[in-house]
Amino acid sequence: MSGDHSHNEEQIDCGSRVNDSHKHKDKYKDKEHKHKDHKKDKERDRLKHGNSDHKDSSDKKHRDKEKMKHKDGSTDKYKDKHKEKRKEEKMKSLDGKIKKEKENGFASPPHVKSEPEDDFYHSPKHERSLKRERDVDDNDSEFKPKKIKTENEKKAKKRKQDEDIKSKKTKVKKGEVTDGKKKGKKEPEEKWKWWEEERYTDGSKWKFLEHKGPVFAPPYDPLPNQVKFYYDGKTMKLSPEAEEVATFFAKMLDHEYTTKDIFRKNFFKDWRKEMNSEEKAKITDLKKCNFAEMSEYFKAQSEARKAMSKAEKLKIKEENERLLQEYGFCIMDNHKERIANFRIEPPGLFRGRGDHPKMGMLKRRIRPKDIIVNCSKDSKHPEPPPGTKWKEVRHDNKVTWLVSWTENIQGSIKYIMLNPSSRIKGEKDWQKYETARRLKKCVDRIRSQYHEDWKSKEMRIRQRAVALYFIDKLALRAGNEKEEGETADTVGCCSLRVEHIKLYPEKDGQEYVVEFDFLGKDSIRYYNKVPVEKRVFKNLQLFMENKEPDDDLFDRLNTSILNKHLQELMDGLTAKVFRTYNASITLQQQLKQLTSADENIPAKILSYNRANRAVAILCNHQRAPPKTFEKSMQNLQTKIDAKRDQLSDAKRELKSAKADAKVRRDEKSKKAVETKKKAVERIEEQLMKLEVQATDREENKQIALGTSKLNYLDPRISVAWCKKWSIPIEKIYNKTQREKFAWAIDMADDDYEF
DNA sequence: GCGAATACTTAGTACAAACGTA
DNA sequence: TACGTTTGTACTAAGTATTCGC
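For the first sequence, UniProt numbering gives the first residue as 1, with consecutive numbering after it.
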C-alpha cells in the first residue's frame with residue numbers, strides 16, 4: 001500500500017486526545033448546538049505524506065487554458081444548485097403514478113398461506129425452506145454482488161429450483177465463539193443460517209411476504225378541561241385540532257428550539273392552518289400564547305408515569321409485548337422475521353438537525369389512506385383499521401419494504417422494513433463488506449491511477465482525482481447535491497465549496513497544509529488540518545482561482561460523475577465503499593498493533609476500543625458528551641482512590657503477616673500470608689480494571705463508537721480477534737449486535753483476514 | 001442522458017430498561 | 001428497596017446510490 005495512506009498504517013494515539021480549544025471559526029459559533037469541535041489535529045497529524053516535489057510544470061501550462069474554460073464554463077453544467085422547489089409537483093404526481101401494479105409472476109409459496117392461524121408463524125426448525133440459489137461457490141469470501149450480469153441464463157434454472165423445495169441444512173459450524181450465557185438463556189430453537197443458503201439472482205428480494213401492517217399512532221386525547229390555554233392573558237378553549245398542535249409546542253417548551261425564530265415562524269404558520277376561522281382570527285401572535293399550563297400538565301404526567309406502581313408498569317410492558325408479537329414480525333420466504341419499525345411515526349413538530357429551514361413545521365398524522373402496503377399476492381393481506389382503506393396494496397418483490405407513506409415535510413417516502421438481524425438486511429451487509437474487500441485487492445492500482453490523474457490536462461479529471469484522494473485518504477462522504485433552502489447547509493466531498501478549505505503553503509512546520517472546516521451529515525462539524533502532496537495543493541489553488549467563497553470547489557464534478565468513474569475502475573465501486581474499506585482495514589491493522597498477548601482481558605478490550613476509536617475518528621463520528629460525563633468521571637475517580645487506599649492497606653497487612661510468619665514459622669501464619677497475598681493481587685486487578693475503565697471513558701468523551709461498529713467494520717474482523725484471544729464475543733457485541741452479526745460470528749475463524 | 005423519484009444505509013439523540021450500590 | 005448511573009433501544013433525520021420515466 002502506498003505510504004500516504006498512513007491512517008491505515010500508523011498507530012493512532014487515541015489516548016492523546018486533548019480536549020482543549022473550542023474556539024473555531026466564528027461563523028459557526030452562533031450556529032446553535034453541535035458544531036462540535038474537533039480537537040483531532042493530533043490524531044490527524046499522523047497523516048504523513050511523501051513529498052512529490054517534482055516541479056509541477058505541466059500544471060502551469062494548463063492553467064491558462066483551464067482558466068479560460070473556467071470562465072466560460074457554462075458548457076459543462078454539472079451542477080445546478082438553484083433548483084426550483086418541486087415538492088408540490090412531487091406530491092401531486094405521486095397519486096397517479098403508483099397505481100399501476102406490477103406483475104412479478106413469482107412462484108407462490110405453496111404452503112404458508114393456507115396454514116391455520118395458530119401455526120401462522122412457524123418456527124424455522126420444523127420448516128422446509130425455499131432454497132435459494134447462490135451465485136458463487138461455497139467460499140465465504142467470494143460473496144458476489146447480486147447484480148451480476150449472468151442473471152438471465154440463471155433465471156430459468158432458478159425458477160425451477162424455487163419450485164423444488166429442499167430441506168435446509170442445519171449443520172452447526174465448528175468454532176463457535178464462546179457465548180457464556182447462551183446455554184442457560186432462552187435462545188430457543190436453532191437459528192436459521194441464511195448465510196448457508198443460496199441467494200436470489202434474479203433481482204427479487206423475496207418470494208413470499210406476509211405481515212399485519214403498521215401500528216398507527218394513538219388518536220389525540222384532548223386535554224382535561226382544567227388545563228387552560230391563554231391568549232393575551234385570557235383563557236381560551238381550543239378546538240381539538242388546534243389544541244393537538246398546541247400540545248406539540250407545549251411539550252417542547254423547555255427546549256431551546258422553541259426560542260428560535262425559524263422554529264416559531266414555521267410552527268405558527270402550520271398551527272394556523274389547523275385552526276378554525278374563529279381561532280385564526282383571534283390568535284395572530286405567537287408571543288401572546290401561553291402554553292405554561294399545558295407544559296406543566298405534561299411534566300406532571302411524565303412524573304406520574306415514572307412513579308407508577310410495578311403492576312402498572314408491567315401491564316404496559318405486557319401490552320407492548322403483545323403489540324410486538326402481533327405486528328412486530330412478518331413471514332418472509334417461510335421464515336419469521338423481525339420488523340425494525342412497525343409503528344407509524346406519530347404527528348409532531350419537525351426537528352431537523354443543525355440550522356434546518358423547516359424546523360418547527362407540523363409533521364402531520366399518517367392515516368390508513370396514506371399507506372401503501374407491500375406483500376405477496378397470495379398472502380393474507382393486512383387489514384386496515386375498521387372503516388378505513390389503504391391507499392394501495394401492491395405486490396412488488398423487487399423491494400424489501402412492507403409499508404410506505406409519503407411524509408409531508410420534505411415529501412420523501414418513509415418505509416417500514418426488516419430488522420438488521422433479518423436475512424434480507426444481513427445479506428446486503430455481508431455483500432457490502434465483500435465489495436470493500438474487493439477494493440482492497442485493487443486499491444493500489446486505483447491510487448496510482450488518481451496520482452497520475454492529478455497531472456491530467458483536463459480539469460474535470462484533475463478535480464475527480466483530487467476529490468477521490470480526499471475520499472480515500474480522509475474518508476469523506478461523497479457529497480450529493482441538495483436542494484438549497486430545503487435542508488440544513490451541509491456538504492460532502494463533491495459539494496465542498498471554496499469557503500470550506502484554506503490552503504497554507506507552510507503551517508506548523510509542515511508543507512502544503514489544507515485546512516478543512518465544514519458541516520457534514522447531521523450538521524456535524526468536520527475540522528481537520530492535513531498536509532497533502534504538492535500536486536494536490538497546486539491543483540486546489542487552481543480550482544479556487546477566480547472563485548467566490550460560496551462557489552463549488554469541484555465545479556466539474558458531482559457524485560454521479562465520480563461514481564460512474566469508480567464503476568469503471570471496479571465493479572460495484574462507489575464513493576462510500578472507500579469509507580467501508582478504510583474503516584475496516586484500519587480496525588484490522590490497529591488490532592494487530594495494539595493487542596499484546598500478555599495482557600489480560602480488560603486490557604485487551606481497551607485495545608479493541610482504541611482500535612474502534614481510531615476508526616470513529618477517521619469517520620468523524622461524534623457525539624455530544626453525555627450530560628453526566630463530568631460527574632460520572634468524578635465518581636469513577638473516587639472509586640479509584642478508594643481502591644488505592646484499599647490496596648495500600650492490603651499491602652501493609654501482607655507485610656505484617658509476612659513478618660509474623662517469619663517469627664512464628666507455623667502453618668497457620670504461612671496460610672495467612674498466602675491469603676493476604678491473594679487479597680493484594682485481587683485488589684490490584686480490580687484497581688487496574690477501574691483505571692482502564694477511566695481511560696477508556698475519558699478517551700470516548702465525544703466520540704461515538706457505535707456507528708462505525710454497526711455500519712463500517714467488517715464484523716468478521718472483530719469475531720476473529722475474539723476467537724484468537726479467547727475474548728467472549730459478548731464483551732464486544734451486545735445481544736442486538738450479536739443478532740445482527742450472527743452470520744459473521746458463525747462463519748469467521750480466528751485467522752480471518754479482511 | 002437527465003432530473004426526479006425511489007430505495008436503502010448511516011447517523012445522533014432521547015428515553016427506557018437494566019444494573020450496581022448504599 | 002430506592003436511587004443513581006450505565007447501557008440498550010427506538011426513533012427518525014439525513015445521507016448515498018440506483019432506478020425510473022421522459
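C-beta: ideal position from N, C-alpha, C; glycine also.
Is the Cβ-Cβ distance between residue i and residue j less than 7 Å?
{"i": "Pro549", "j": "Val498", "result": "yes"}
{"i": "Leu591", "j": "Ala575", "result": "no"}
{"i": "Asn374", "j": "Trp401", "result": "yes"}
{"i": "Ile413", "j": "Lys358", "result": "no"}
{"i": "Val245", "j": "Trp271", "result": "yes"}
{"i": "Ser495", "j": "Gly354", "result": "no"}
{"i": "Ala672", "j": "Ala657", "result": "yes"}
{"i": "Ala467", "j": "Asp453", "result": "no"}
{"i": "Ile344", "j": "Ile316", "result": "no"}
{"i": "residue 755", "j": "Ile717", "result": "The structure shown does not extend to residue 755, since the chain spans only 1 to 754, so no value can be given for it."}
{"i": "Leu618", "j": "Ala475", "result": "yes"}
{"i": "Ser376", "j": "Leu557", "result": "no"}
{"i": "Arg338", "j": "Phe329", "result": "yes"}
{"i": "Tyr512", "j": "Val530", "result": "no"}
{"i": "Ile471", "j": "Cys493", "result": "yes"}
{"i": "Lys643", "j": "Gln589", "result": "no"}
{"i": "Val227", "j": "Met294", "result": "yes"}
{"i": "Leu606", "j": "Lys639", "result": "no"}
Which word fits residue i, buried or exposed, when buried means at least 16 other C-beta atoms lie within 10 angstroms of its C-beta?
{"i": "Asn152", "result": "The pLDDT assigned to Asn152 is 34, lower than 50, so where the model puts this residue is not dependable, and the model offers no usable value."}
{"i": "Asp714", "result": "buried"}
{"i": "Gly387", "result": "exposed"}
{"i": "Cys722", "result": "buried"}
{"i": "Arg579", "result": "buried"}
{"i": "Ser584", "result": "buried"}
{"i": "Ala744", "result": "buried"}
{"i": "Leu314", "result": "exposed"}
{"i": "Lys212", "result": "buried"}
By alpha-carbon positions, which one of the options ends up nearest to residue i?
{"i": "Phe298", "options": "Leu253, Phe741, Val536", "result": "Leu253"}
{"i": "Gly203", "options": "Ile424, Arg644, Lys306", "result": "Ile424"}
{"i": "Thr675", "options": "Val399, Val692, Arg664, Glu653", "result": "Glu653"}
{"i": "Ile371", "options": "Glu337, Glu545, Pro214, Glu739", "result": "Pro214"}
{"i": "Lys538", "options": "Phe267, Gln463, Val680", "result": "Gln463"}
{"i": "Asn620", "options": "Arg351, Lys441, Asp517", "result": "Asp517"}
{"i": "Ser422", "options": "Trp194, Ile717, Val680", "result": "Trp194"}
{"i": "Arg623", "options": "Leu553, Asp598, Asn609, Thr707", "result": "Thr707"}
{"i": "Pro218", "options": "Phe329, Pro346, His255, Glu198", "result": "Pro346"}
{"i": "Ile262", "options": "Glu190, Met361, Gln301", "result": "Met361"}
{"i": "Ile729", "options": "Asn711, Tyr608, Leu636", "result": "Tyr608"}
{"i": "Lys655", "options": "Lys670, Pro626, Val692", "result": "Lys670"}
{"i": "Lys336", "options": "Ala659, Arg644, Asp551, Leu418", "result": "Leu418"}
{"i": "Asn711", "options": "Asp552, Lys534, Tyr733, Asp429", "result": "Asp429"}
{"i": "Pro384", "options": "Leu569, Tyr327, Arg437", "result": "Tyr327"}
{"i": "Lys534", "options": "Lys547, Ser560, Pro505, Glu545", "result": "Pro505"}
Output needed for residue i: all residues of its chain with C-beta closer than 6 Å, excluding positions within five of it in sequence on either side, in chain order.
{"i": "Pro240", "result": "Pro222"}
{"i": "Tyr230", "result": "Asn290"}
{"i": "Leu705", "result": "Asn612, Ala616"}
{"i": "Lys248", "result": "A quick correction: the sequence has Phe, not Lys, at residue 248. Counting only Cβ-Cβ distances below 6 Å, and skipping sequence neighbours, we find Gly348, Leu349."}
{"i": "Lys157", "result": "Note that Lys157 scores 34 on pLDDT, short of 50, meaning its location in the model is unreliable; the coordinates nonetheless yield the value given after this. Taken in chain order, the list of residues that qualify is empty."}
{"i": "Lys740", "result": "Pro420, Ser421"}
{"i": "Ala694", "result": "Leu636"}
{"i": "Ile501", "result": "Val514, Phe516"}
Below 7 Å CB to CB, which residues in the same chain sit around residue i once its five sequence neighbours on both sides are set aside?
{"i": "Lys243", "result": "The sequence given here places Glu at residue 243; Lys does not occur at that position. Taken in chain order, the residues that qualify are Pro222, Leu223."}
{"i": "Leu503", "result": "Val514, Phe537, Leu540, Gln541"}
{"i": "Val399", "result": "Lys205, Asn374"}
{"i": "Phe629", "result": "Lys701"}
{"i": "Ile446", "result": "Leu569"}
{"i": "Lys391", "result": "Lys369, Asp370, Ile371, Ile372"}
Which residues in the same chain as residue i place their Cβ atom closer than 8 Å to its Cβ, once the five residues preceding and following it in sequence are excluded?
{"i": "Lys482", "result": "Thr490, Ser495"}
{"i": "Glu187", "result": "Residue placement at Glu187 cannot be trusted, given a pLDDT of 39 that sits under 50; the coordinates are not used to answer."}
Self-check item: In chain order, each alpha helix (DSSP H) run of at least 4 residues that lies wholly inside the region 228 to 284
Solution: As summarised for the region 228 to 284, the continuous alpha helix (DSSP H) elements at least 4 residues long and confined to that stretch are 240 to 251, 261 to 274, 277 to 282, given in chain order.
Quiz item: Which ranges does the beta strand (DSSP E) cover as unbroken runs of at least 3 residues, wholly within the region 675 to 737, from first to last along the chain?
Solution: none
Practice problem: Only counting runs of 3 or more residues, tell me where the beta strand (DSSP E) segments fall wholly within the region 314 to 351, in order along the chain. | Solution: 329 to 332, 335 to 338
Quiz prompt | Contained alpha helix (DSSP H) runs [length at least 4] in the region 434 to 520, N- to C-terminal order | solution = 459 to 474
Practice problem: Any chance you could list the beta strand (DSSP E) runs of at least 3 consecutive residues sitting entirely within the region 603 to 644, in chain order? | Solution: none
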